[in-house]
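**Student:**
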Amino acid sequence: MNRERLRELLDALRRGDLDTDDALEALARLPFVDTPAARVDTHRALRQGLPEVIFGPGKTPEQMVDIVRVLRDAEQNVLITRLEAPEAEAVAGGLGTGEYDSVSRLFWVGPSEVAIEGKGTIAVVSAGTADIPVAAEAAGVARRFGNKVDQLIDVGVAGLHRLLASSDVLRSARVLIVVAGMEGALPTVVGGLVDKPVIAVPTSVGYGAAFGGVTALLGMLTSCASNVTVVNIDNGFGAAHVATLINRL
């Protein structure tokens, strides 16, 4: 259930095209639906503008299939994050449908093309090739949430000319997601080049003193670029969610 669907329901009731009992039955499923392993929030798209997304790790394929069916019954598109290939195959087999991307580890049930709702472009900028999976998650989620997305890959500070060569992409974006591991310097550089919000995503990429992304996280948190804000380590999904909300303002 989302705002558009609720509006259609109320308009149909007002016109007399829908009787009261049918309207009550539709609204009875509005807040949440219980499955054997989850209480699925079918109300979230109405409250927040974006539907519930399924976090794959820790759930069995059977549990995910149950949750997807509830969300589809509520006429919502469904996104599963951090899903490995064997589990994705099992979920697709249980549902008889679904689209999986092994790089971003995103599983999608919905139309192949999503209508653009964002007002501008989200640029997803990643420092190194090793950061691509997290950047792919951010870009894939942003696209599925109805945004136009541009991507720049392997433009880290070790070769700054690679980034500057694409300054038009940076300057034209309405929101930027910047993904980096190691020392996490790239978001500060990008922040100093643009007048837009920069959402920094530290990754767990790096040698020993990178501490699994903690060094990048702390570097980003102490950035001197005041337009930089930071999400958790490897959290491409969270960055895309916030960027989507900004892009709809």
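Residues in the sequence shown are numbered consecutively from -11, following our numbering.
Where is the CB? At the ideal position from N, CA and C, for every residue including glycine.
Among Asp10, Thr117, Pro185, which one has its Cα closest to the Cα of Gly144?
**Tutor:** Residue numbering aside, residue 144 sits at position 156 when the sequence shown is read from its first letter. For the residues Asp10, Thr117, Pro185, the minimum Cα distance to Gly144 belongs to Thr117.
**Student:** I need the boundaries of the alpha helix (DSSP H) containing Pro39, first residue and last residue.
**Tutor:** In the sequence shown, residue 39 corresponds to position 51, counting from 1. Taken as a continuous stretch (DSSP letters only), Pro39 belongs to no alpha helix (DSSP H), as it is neither H nor E.
**Student:** Could you compute how far the alpha carbon of Met208 sits from the alpha carbon of Val112?
**Tutor:** Working through the sequence shown from its first residue, we reach residue 208 at position 220. Working through the sequence shown from its first residue, we reach residue 112 at position 124. Using only the alpha carbons, I get a separation of about 16 Å.
**Student:** Looking at Ser211 and Gly200, is the spacing between their C-beta atoms short of 7 Å?
**Tutor:** What you label residue 200 is simply residue 212 of the sequence shown in a count that begins at 1. What you label residue 211 is simply residue 223 of the sequence shown in a count that begins at 1. Not in contact: Gly200 and Ser211 (Cβ atoms no closer than 7 Å).
**Student:** Would you decide whether Asp54 is buried or exposed? Buried here means 16 or more other CB atoms lie within 10 Å of its CB.
**Tutor:** Numbered from its first residue, the sequence shown carries residue 54 at position 66. Flag for Asp54 reads buried.
**Student:** Can you give me the start and stop residues for the alpha helix (DSSP H) that Ala76 sits inside?
**Tutor:** One-based indexing of the sequence shown puts residue 76 at position 88. Per DSSP, Ala76 belongs to the alpha helix (DSSP H) from 73 to 83.
**Student:** For Gly167 and Val189, which I take to be in contact (beta-carbon distance under 8 Å), what is that distance rounded to the nearest angstrom?
**Tutor:** What you label residue 167 is simply residue 179 of the sequence shown in a count that begins at 1. What you label residue 189 is simply residue 201 of the sequence shown in a count that begins at 1. Residue identity differs from the one stated: residue 167 is Val in this sequence, not Gly. The pair is a contact, with the Cβ atoms about 4 Å apart (cut-off 8 Å).
**Student:** Apply the 10 Å Cβ neighbour rule to Gln239 and answer buried if 16 or more other Cβ atoms are within range, or exposed otherwise.
**Tutor:** Limits of the chain in this structure are -11 at one end and 237 at the other, which puts residue 239 out of reach.
**Student:** Please identify the residue among Ala213, Met170, Asn135 whose C-alpha is closest to the C-alpha of Leu205.
**Tutor:** For this step, residue 205 is matched to residue 217 along the sequence shown. The candidate whose alpha carbon is nearest that of Leu205 is Met170.
**Student:** Beta-carbon within less than 7 Å of Ala197's beta-carbon, same chain only, minus the 5 sequence neighbours each way: which residues are those?
**Tutor:** The sequence position of residue 197 within the sequence shown is 209, counting from 1. So the qualifying residues of the chain are Thr203.
**Student:** Could you give the first and the last residue of the continuous beta strand (DSSP E) run that contains Phe95?
**Tutor:** As a first step, residue 95 is located in the sequence shown; it is residue number 107 there, counting from the start. Per DSSP, Phe95 belongs to the beta strand (DSSP E) from 94 to 97.
**Student:** Among Val79, Ile234, Gly108, Thr232, which one has its Cα closest to the Cα of Leu94?
**Tutor:** Locating residue 94 in the sequence shown gives position 106, where the first residue counts as 1. Per the Cα distances, Val79.
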